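1 is the number of the first residue of the sequence shown in the UniProt record's numbering; add one for each residue after it.
Even glycine gets a Cβ: it sits at the ideal position worked out from N, Cα and C.
Since the model is a prediction, treat every value here as computed from it, not as a measurement.
Structure first, then comments.
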Amino acid sequence: MVGKNREINHSLPIHFSQNYLINAMLINRLLQQSNINSNDEVLDIGAGKGIITKALLDRGCRVTAVELDEKNILYLKKQFSNEKRFALLHGDFMELPLPERSYKIFSNIPFFITSDILNKITQAKNPPLDAYLILQKQAAIKYCGAMETTLKSLLLKPKFNMMIVHRFSRNDFSPKPNVDIVLLHIQKRKLDEFTMREFELYRDFICYCYKNNRTFSKKIFSYRQLKELRIRHEISNYQTSAIAYEEWIILFKCFLQYVSDEKKTQVIGSYRQYLIQESLLKKQFRGRK
1 MVGKNREINH
11 SLPIHFSQNY
21 LINAMLINRL
31 LQQSNINSND
41 EVLDIGAGKG
51 IITKALLDRG
61 CRVTAVELDE
71 KNILYLKKQF
81 SNEKRFALLH
91 GDFMELPLPE
101 RSYKIFSNIP
111 FFITSDILNK
121 ITQAKNPPLD
131 AYLILQKQAA
141 IKYCGAMETT
151 LKSLLLKPKF
161 NMMIVHRFSR
171 NDFSPKPNVD
181 IVLLHIQKRK
191 LDEFTMREFE
201 LYRDFICYCY
211 KNNRTFSKKI
221 FSYRQLKELR
231 IRHEISNYQT
241 SAIAYEEWII
251 LFKCFLQYVS
261 DEKKTQVIGS
271 YRQYLIQESL
281 LKKQFRGRK
């Protein structure tokens, strides 16, 4: 992407808003502690006035800044006009293709499209090796399962490691946010937990279990299988949020190996149903904006 300026869609959503990071020293310190290195290709989504872009360029990275706001575009063009390692994309990140070669992300993303951005980069054929995203604490907890196991975290963990690596002060932003903000690190696993076919079935299995919560265990596993899980792995609490990721892997492997094909068919399509429901909820939410 570096070396090209593209214009996609300049229409700004009515509810567009962003809290801009203003602490340059903090950005430099966070980059020093990150896996972002010189010569890495890095995306800065929602670049604003380029405070993160500048820090990345100073670090020796090749930077592609994505920005929608017309005023910020003019500022970025002027600010980095002589920088050969800089490319500017004027448009909506959700409409842009991701790089085909290896890349990373370090970005203070627009909060109102957090889930859209996370879905795009984690479901891509070529996801980033590392993504450092500045976002609301509540969203970060949901995606990494920091407080309790969540459906979203379970859908991502076979392919990504996720961790909150910094908690910001509200004074680090302008305007000051009225919620807590953190830096979420998403790292692509070097080895996938499952084959593609197994992963597709895993997603169906997880979505089915969450939909049925406390009753899924008896619908899927036999009495004997549940007894074995309790004795061998000490799994007896089947409230979905109380089951650790490692225990979910055990349950799924038991499901793969021992559950009959007839019972396996009942989970098929659960992930697709989940996506449809999520899409409907988003439309309802944005319709109220």
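Alpha carbon to alpha carbon, how far is V66 from T53? Give it in angstroms, no decimals.
The straight-line gap from Cα to Cα measures roughly 10 Å.
Cα-Cα separation, K264 to L26
Distance from the CA of K264 to the CA of L26, rounded to the nearest whole angstrom, comes to 50 Å.
Within 8 Å, do at least three Cβ pairs link the region 187–206 to the region 251–258?
Enough Cβ pairs lie closer than 8 Å, so yes.
Can you tell me where the alpha helix (DSSP H) with I268 in it begins and where it stops?
No alpha helix (DSSP H) contains I268, which DSSP labels as neither H nor E.
Close-in-space but distant-in-sequence residues of the same chain around A140 (CB under 6 Å, 5 per side omitted):
For A140, where only same-chain residues beyond five positions count, the Cβ hits under 6 Å are I164, V182 and L184.
Option in I117, K188, K190 and Q277 with minimal Cα separation from E95
Cα-wise, what sits closest to E95 is I117.
Considering only residues of the same chain and omitting the five flanking positions on each side of G3, which have a CB-CB separation below 8 Å?
Here G3 scores only 48 on pLDDT, less than 50, and its place in the model is too uncertain to base an answer on.
Residue burial classification, M162 (beta-carbon count within 10 angstroms, cutoff 16)
Burial check for M162: the Cβ neighbour count within 10 Å reaches 16 or more, so the residue is buried.
Nearest to I73 (by Cα), restricted to the options G60, R62, N82 and H90:
Nearest of G60, R62, N82 and H90 to I73, Cα basis: H90.
Can at least three beta-carbon pairs, one atom from the region 127–134 and one from the region 92–111, be found at a separation below 8 Å?
A contact exists between the region 127–134 and the region 92–111.
By the three-class DSSP mapping on this structure, what secondary structure does L98 have?
Three-state DSSP puts L98 in coil, outside helix and strand.
With 16 other CB atoms within 10 Å as the buried threshold, where does P97 fall?
Taking all protein chains in view, the Cβ of P97 is surrounded by fewer than 16 other Cβ atoms within 10 Å, so the residue is classified as exposed.
Beta bridge counterpart(s) of T64 as assigned by DSSP
In the DSSP output, where bridge partners are listed per residue, T64 has L43 and A87.
Mind checking N19: buried by the 16 CB within 10 Å criterion, or exposed?
A residue is called buried when at least 16 other Cβ atoms come within 10 angstroms of its Cβ; N19 meets this threshold and is buried.
So the candidates are C144, P110 and E247; which of them puts its Cα closest to the Cα of I186?
Comparing Cα positions, the closest option is C144.
Is it buried or exposed, P175, if we count other Cβ atoms within 10 angstroms and call 16 or more buried?
In this structure P175 is exposed. Its beta-carbon is surrounded by fewer than 16 other beta-carbon atoms within 10 angstroms.
For S241, which three-state DSSP category applies?
Reduced to three states, the DSSP call for S241 is helix.
Cβ-based neighbour list, E148, same chain, cut-off 7 Å, excluding 5 preceding and 5 following:
Excluding sequence neighbours, E148 sits near S241.
One question on the structure: do Q284 and Y258 come within less than 7 Å of each other, judged by their Cβ atoms?
No, Cβ-Cβ distance for Q284 and Y258 is not below 7 Å.
Closer than 6 Å: is that where the CB of K227 sits relative to any heavy atom of the ligand MN?
The model depicted lacks the ligand MN and carries no ligand whatsoever.
Shortest alpha-carbon distance to I36 belongs to which of N212, G48, K159 and V63?
Nearest option by C-alpha distance: V63.
Pull up the DSSP beta-bridge partners for L183, would you.
Paired residue(s): I134 and H166.
Whose CA, out of N108, Y245 and N213, lies closest to the CA of F160?
Sorting N108, Y245 and N213 by C-alpha distance to the C-alpha of F160 places Y245 at the top.
Measuring CA to CA, which of L281, I45, N28 and Y210 is closest to G60?
Here the closest residue by C-alpha is N28.
Just grab the DSSP bridge partners of S174 for me.
DSSP output for S174 lists Y20 as bridge partner(s).
CA nearest to the CA of L155, picked from Q79, A55, I51 and F199
For the residues Q79, A55, I51 and F199, the minimum Cα distance to L155 belongs to F199.
So, with DSSP's three-state summary, where would you put K188?
The three-state secondary structure of K188, taken from DSSP, is strand.
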